[in-house]
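At position 81 of the sequence shown the residue is numbered 80 (numbering that gives the first Met the number 0), and the sequence of numbers has no breaks. The beta carbon of each residue, even a glycine, is placed where N, CA and C say it ideally should be. Structure first, then comments.
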Amino acid sequence: MAEAAISTHPRQPRALPGFERIRRYWDPVNHVWAAKLLPGEFYVSRGDEMIVTTLGSCVAACIRDPKRGVGGMNHFMLPTRGGDPESWVDDPVNLATRYGNNAMEQLINRILKLGARRQDLEVKLFGGGRVLKGVTTDIGQRNIEFAMEYCATESLGLISRDLGGAYPRKVQFFPDTGRAFSKKLYRTRNQTLIEREEHYLHELEEEPVSGGDVDLFE
Numbered sequence: 000m001a002e003a004a005i006s007t008h009p010r011q012p013r014a015l016p017g018f019e020r021i022r023r024y025w026d027p028v029n030h031v032w033a034a035k036l037l038p039g040e041f042y043v044s045r046g047d048e049m050i051v052t053t054l055g056s057c058v059a060a061c062i063r064d065p066k067r068g069v070g071g072m073n074h075f076m077l078p079t080r081g082g083d084p085e086s087w088v089d090d091p092v093n094l095a096t097r098y099g100n101n102a103m104e105q106l107i108n109r110i111l112k113l114g115a116r117r118q119d120l121e122v123k124l125f126g127g128g129r130v131l132k133g134v135t136t137d138i139g140q141r142n143i144e145f146a147m148e149y150c151a152t153e154s155l156g157l158i159s160r161d162l163g164g165a166y167p168r169k170v171q172f173f174p175d176t177g178r179a180f181s182k183k184l185y186r187t188r189n190q191t192l193i194e195r196e197e198h199y200l201h202e203l204e205e206e207p208v209s210g211g212d213v214d215l216f217e
């Protein structure tokens with residue numbers, strides 16, 4: 000009788016409440032459990048996990064409190080019908096501003112609820128590539144400008160960034176240590192990624208912004 004296969008990796012840690020639906024898998028290269036984000040998702044962890052996503056025009060913010068070892072990542076894009084870029088952060092009724100603020104504040108609020116302190120947060124930004132064809136607006140650049148302006152306006156500690164360019168990138172973030180890795184996919188013609196972002200953009204244009212009652216500051 001063949002012997003049963005013996006697991007060589009630790010048991011999957013329990014996801015924090017609210018994140019059970021995020022797909023997680025064992026990464027044999029980094030020897031860690033990983034949470035994979037799709038456009039519009041975010042994930043927070045205080046354990047030995049990796050958060051991974053693949054970005055085209057979208058932006059991901061990796062935010063962490065280094066003193067308390069808790070952090071997370073989001074993956075978002077601004078809708079194109081959002082008005083003047085100069086008004087994205089200042090105009091509270093601007094669609095792009097409302098969506099971007101919501102994406103950032105949802106992540107930050109969940110981190111704060113786990114004991115983090117806003118003044119100790121560190122931010123790393125990734126993405127914003129020029130990968131969507133047939134779109135007159137440079138969506139990646141819009142996302143970059145919003146994320147940079149948001150960090151400046153909200154006095155968040157932006158410590159590193161890998162933004163722009165003409166290629167998609169894979170991002171890996173370890174919330175417990177703060178390590179983050181970004182790999183540009185120069186040889187990848189990822190039609191699935193492009194189609195996923197185009198579908199996500201279409202959904203943003205059709206659906207109202209949810210979570211309008213999110214309030215970051217206490």
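Fewer than three Cβ pairs drawn from the segment 106-123 and the segment 50-58 lie within less than 8 Å of each other, which leaves the two stretches out of contact.
Between L36 and F75, the alpha-carbon positions lie close to 10 Å from each other. The beta-carbon separation of A60 and E48, rounded to 17 Å, does not stay under the 8 Å limit for a contact. Within its own chain, the residues whose Cβ lies closer than 6 Å to the Cβ of D175, once the five positions on either side in sequence are excluded, are D47 and G68, listed in chain order. Annotation: G139 is outside any beta strand (DSSP E); the continuous alpha helix (DSSP H) that includes it extends over I138 to T152.
Between P65 and D119 a beta carbon distance of about 7 Å is seen, short of the 8 Å cut, so the two are scored as contacting.
Non-local beta-carbon contacts of I143 in its own chain, meaning distances under 7 Å to residues more than five positions away in sequence, involve V58, G127, L162 and G163 in chain order. The DSSP-derived three-state label of D119 is helix. Under DSSP, Y166 takes part in no beta bridge, so it has no partner. Its chain contains no residue whose beta carbon lies nearer than 6 Å to that of M147 once the 5 sequence neighbours on both sides are disregarded. Cβ neighbours of R129 within its own chain (closer than 8 Å, five residues either side excluded): S56, D137, G139, Q140, G163, G164 and A165.
Exposure of R116 is indicated by the presence of fewer than 16 other C-beta atoms within 10 angstroms of its C-beta. DSSP places I21 outside both helix and strand once states are collapsed to three, so it counts as coil.
A residue is called buried when at least 16 other Cβ atoms come within 10 angstroms of its Cβ; Y98 meets this threshold and is buried. Burial check for K112: the Cβ neighbour count within 10 Å stays below 16, so the residue is exposed. Here the alpha carbons of H8 and I158 stand approximately 33 Å from one another. Rounded to whole angstroms, R13 and G39 show a C-alpha spacing of 22 Å.
Looking at the backbone, the Cα of D26 and that of V122 are separated by about 24 Å. Of the residues E19, V31 and N29, the one whose Cα lies closest to the Cα of F41 is E19. In the structure shown, K182 adopts extended strand secondary structure according to DSSP, grouped into three states.
For N101 and R10, the gap between their C-alpha atoms comes out near 33 Å. Taking a 10 Å sphere around the C-beta of G156, we find fewer than 16 other C-beta atoms and assign the residue as exposed.
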